[in-house]
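**Student:** Those protein sequence lines, which keep their order, are chains A and B. So the first sequence is numbered by this note's numbering: it starts at 408 and just counts up by one. So the second sequence is numbered by this note's numbering: it starts at 48 and just counts up by one. My structure is below; once you've seen it, I'll send some questions.
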Amino acid sequence: MTDAADEEFAEYFRARRDAVRRTAYLLCGDWHRADDHAQAAFVALHRHWRRIRDKQGLDAWMRRTLVRSVVDESRRPWRREKAPLTAAPEPPVADRADAVVTREALVAGLRSVPAKQRAVLVLRFFDGLDVAETATAMGCSTGTVKSQTAHGLAALRAALGDAIDDLRTA
Amino acid sequence: MDEQRFETGLKGAMRDAAADAPPPSFEVGDVVRTSKRITARRRAATAGAALAVVAVVGVGVGMGVTTTSGGNATTAAAPAPEAAPSAYRAAPPSAADAQGAESAAAPPAPLGPATGDACANPQDPELRALVDQVLPEVADAQMAPTTMECRPPRGRGVHLLVGEGVLIVDYAPPGEPSAPRSDGGVSVPTASGGTLQMVAPGTGITAEQLEQAAAELAPLL
């Protein structure tokens with residue numbers, strides 16, 4: 408790549424790395440794997456940088472790549488999703504912040520949701536995409552996004568159980 | 048909790064959950080280096096395959112013989128061999144292209160034996176490129192330590208750290224003896240007449256996956 412293209416890529420990287428990492432974390436539930444997926448997505452972007460004409464669509468391109476990376480990994484037998492490297496949530500104790508418990512319960516709940524449904528939930532409720540944008544990122548129809556959303560929310564509700572009442576309302 | 052409250056609470060909880068990110072484990076330099084390494088490996092594999100095709104075409108054309116009126120056999124002037132078809136075409140990002148998939152206009156000639164009289168290279172770069180092509184999941188795997196054992200020349204090897212174990216890929220050229228494996232690995236004949244052996248202890252790669260990978264790699268070797 409030319410120096411100008413290198414600098415352009417680096418500028419995009421600096422602007423978007425943290426957001427991509429956070430989305431990856433919610434998609435896979437583990438910061439180490441999130442960094443692996445985020446880095447793989449940026450590597451793929453760097454390799455395609457010259458050929459991507461529509462630089463306005465970079466975020467959408469990255470989301471597609473990231474989602475595909477996480478969903479593909481969930482299918483590989485020798486990389487089955489394991490328990491996160493972070494320690495399992497401890498039982499609530501008197502001085503433990505409720506927010507930490509809620510956070511851990513949410514991440515654990517998300518991990519129990521099937522990969523594609525989890526991806527739809529993260530794209531719609533964390534990244535704030537609408538149905539059409541989510542369908543583009545997932546490579547599926549809007550009808551599929553709606554049904555995956557409904558099933559994903561139901562699965563997450565069931566997984567959260569009593570912790571659902573601790574979710575913030577604002 | 049009604050649906051609307053649940054969705055609102057979910058948004059806030061997701062923001063909270065993702066807020067305390069640890070320091071990132073990669074910088075832009077890491078991304079650029081990895082990208083260039085992958086591109087270089089694929090170009091080496093493409094160049095190796097293209098040269099093999101050119102060599103085969105050149106030999107085939109050069110063997111055309113015409114006879115002059117004096118009875119002397121002369122070799123027909125070989126036209127310049129066609130440039131090998133590009134095996135790597137740029138494509139707009141799409142669902143199938145997100146991982147940089149390559150397409151070849153024609154099947155490449157098998158890689159075959161290595162050249163030289165020295166011991167077989169246990170980390171043969173050309174074989175590595177083919178392994179990466181067949182098993183993209185190990186494209187970023189680090190090389191595993193190997194023994195000082197001198198394997199027969201013209202052979203090729205690749206030893207990669209995968210998961211908790213090592214993926215071992217060994218190619219023995221035609222004429223070299225190779226005993227069938229009894230350790231769960233696979234042994235198959237290759238297109239060049241040699242033998243490909245693959246074993247992956249401790250990697251999590253199953254016997255079926257190993258057989259599938261060997262079936263895809265054998266026609267390339």
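Cβ coordinates follow ideal geometry from the N, Cα and C atoms, glycine included.
Kindly indicate which residue of B:A65, B:L98, B:I85 and B:A91 has the alpha-carbon position closest to the one of D442 of chain A.
**Tutor:** Cα-wise, what sits closest to D442 of chain A is B:A65.
**Student:** Compute the Euclidean distance between the alpha carbons of E255 of chain B and A262 of chain B, then round it to the nearest angstrom.
**Tutor:** Approximately 10 angstroms, taken between the alpha carbons.
**Student:** Could you check where the beta strand (DSSP E) with R203 of chain B kicks off and where it finishes?
**Tutor:** Note, R203 of chain B: beta strand (DSSP E), R203 to V209.
**Student:** Would the beta-carbon of R416 of chain A fall within 9 angstroms of that of W456 of chain A?
**Tutor:** It is worth fixing the name first, because residue 416 of chain A is Phe in this sequence and not Arg. Going by C-beta atoms, F416 of chain A is nearer than 9 angstroms to W456 of chain A.
**Student:** Tell me, please, which residues DSSP counts as bridged to A219 of chain B.
**Tutor:** Answer is B:T242.
**Student:** Count the other C-beta atoms from every protein chain shown that fall within 10 angstroms of the C-beta of I459 of chain A, then say buried if there are 16 or more, exposed otherwise.
**Tutor:** Classification for I459 of chain A: exposed.
**Student:** Compare the C-alpha of R525 of chain A against each of A:G550, A:Q555, A:C547 and A:R428 and name the closest.
**Tutor:** Comparing Cα positions, the closest option is A:Q555.
**Student:** Taking the alpha-carbon positions, what's the T549 of chain A to P221 of chain B distance?
**Tutor:** Straight-line Cα distance between these residues: approximately 55 angstroms.
**Student:** Could you check whether the Cβ of A64 of chain B sits closer than 9 angstroms to any Cβ belonging to chain A?
**Tutor:** Closer than 9 angstroms to some Cβ of chain A, the Cβ of A64 of chain B qualifies, so yes.
**Student:** At a CB distance below 7 angstroms, what residues from the stretch 507-518 of chain A approach chain B? Give them in sequence order.
**Tutor:** Here the close residues are T509, R510, L513 and V514.
**Student:** Can you tell which of B:T81, B:T250, B:V235 and B:V205 has its C-alpha closest to the C-alpha of G212 of chain B?
**Tutor:** Nearest C-alpha to G212 of chain B: B:T250.
**Student:** Is it buried or exposed for R421 of chain A, if we count other Cβ within 10 angstroms and need 16 for buried?
**Tutor:** Exposed: under 16 other Cβ atoms inside 10 Å.
**Student:** State the Cα-Cα distance for the pair V520 of chain A and R423 of chain A, rounded to the nearest angstrom.
**Tutor:** C-alpha separation (whole angstroms): 26 angstroms.
**Student:** I'd like to check one pair, A99 of chain B with Q180 of chain B: are the Cβ atoms closer than 9 angstroms?
**Tutor:** Against a cut-off of 9 angstroms, the Cβ pair of A99 of chain B and Q180 of chain B comes out as no contact.
**Student:** How far does the beta strand (DSSP E) with P236 of chain B in it extend, from its first residue to its last?
**Tutor:** It spans V233 to P236 - the beta strand (DSSP E) in which P236 of chain B sits, taken as one unbroken run.
**Student:** Which runs of the alpha helix (DSSP H) fall wholly inside the stretch 498-561 of chain A and span at least 4 residues, in chain order?
**Tutor:** Whole alpha helix (DSSP H) segments, 4+ residues: 505-519, 522-532 and 538-545.
**Student:** With a threshold of 9 angstroms between beta-carbons, can E223 of chain B be considered close to chain A, or not?
**Tutor:** Not one chain A Cβ lies under 9 angstroms of E223 of chain B.
**Student:** State the DSSP-derived secondary structure class of L214 of chain B, mapped to helix, strand or coil.
**Tutor:** Three-state DSSP puts L214 of chain B in a strand.
**Student:** Suppose contacts are defined by Cβ-Cβ distances below 9 angstroms. Is G95 of chain B in contact with L158 of chain B by that definition?
**Tutor:** Taking 9 angstroms as the Cβ cut-off, G95 of chain B and L158 of chain B qualify as a contacting pair.
**Student:** Less than 9 angstroms between CB atoms is the rule here; does M61 of chain B satisfy it with respect to chain A?
**Tutor:** Output row for M61 of chain B: interface = yes.
**Student:** Among B:E173, B:D164 and B:D187, which residue has its Cα nearest to the Cα of P199 of chain B?
**Tutor:** The option with the nearest alpha carbon to P199 of chain B is B:D164.
**Student:** Can you tell me whether A509 of chain A is buried or exposed, with buried defined as 16 or more other CB within 10 angstroms of its CB?
**Tutor:** Note that residue 509 of chain A is Thr in the sequence shown here, rather than Ala. Buried, by the Cβ-count rule.
**Student:** Give every residue of the same chain whose Cβ lies closer than 6 angstroms to the Cβ of I215 of chain B, excluding the five residues on either side of it in the sequence, and list them in chain order.
**Tutor:** H206 and V246.
**Student:** To the nearest angstrom, report how far apart I571 of chain A and L517 of chain A are at their CA atoms.
**Tutor:** Their Cα atoms are separated by approximately 12 angstroms.
**Student:** Take D171 of chain B as the anchor and find which of B:E184, B:S82, B:R203 and B:I252 has the nearest alpha-carbon.
**Tutor:** Among B:E184, B:S82, B:R203 and B:I252, the Cα nearest to that of D171 of chain B belongs to B:R203.
**Student:** Please confirm whether R471 of chain A and A522 of chain A have their CB atoms less than 9 angstroms apart.
**Tutor:** Contact flag unset, no.
**Student:** Rounded to whole angstroms, how far is the Cβ of F53 of chain B from the Cβ of R564 of chain A, which I believe are closer than 8 angstroms?
**Tutor:** Contact holds; Cβ gap of about 7 angstroms.
**Student:** How would you list, in chain order, the residues of chain B whose beta-carbon sits under 7 angstroms from the beta-carbon of R440 of chain A?
**Tutor:** Those do not exist, as R440 of chain A stays about 11 angstroms from chain B at its closest Cβ, beyond 7 angstroms.
**Student:** If we ignore side chains and look at the alpha-carbon of each, how far apart do E223 of chain B and E184 of chain B end up?
**Tutor:** Their Cα atoms are separated by approximately 30 angstroms.
**Student:** Quick one: complete beta strand (DSSP E) runs, 3+ long, within the stretch 410-473 of chain A?
**Tutor:** Entirely contained in the stretch 410-473 of chain A, not one beta strand (DSSP E) run reaches 3 residues.
**Student:** Using 9 angstroms as the limit for Cβ to Cβ distance, is V450 of chain A near chain B?
**Tutor:** Closer than 9 angstroms: yes.
**Student:** On the criterion of 16 or more Cβ atoms from any shown chain inside 10 Å, does D410 of chain A qualify as buried, or is it exposed?
**Tutor:** With fewer than 16 Cβ atoms within 10 Å of its Cβ, D410 of chain A is classed as exposed.
**Student:** Answer yes or no: do R482 of chain A and G546 of chain A have a C-beta to C-beta separation smaller than 9 angstroms?
**Tutor:** No, they are not a contact pair.
**Student:** Shorter than 9 angstroms from the beta carbon of T430 of chain A to some beta carbon of chain B?
**Tutor:** Yes, because at least one Cβ of chain B sits closer than 9 angstroms to the Cβ of T430 of chain A.
**Student:** Under 9 angstroms, Cβ to Cβ, is there at least one residue of chain B near R483 of chain A?
**Tutor:** R483 of chain A counts as touching chain B.
**Student:** State yes or no: is the C-beta of L465 of chain A within less than 9 angstroms of the C-beta of L434 of chain A?
**Tutor:** In this structure, L434 of chain A does not lie closer than 9 angstroms to L465 of chain A by Cβ.
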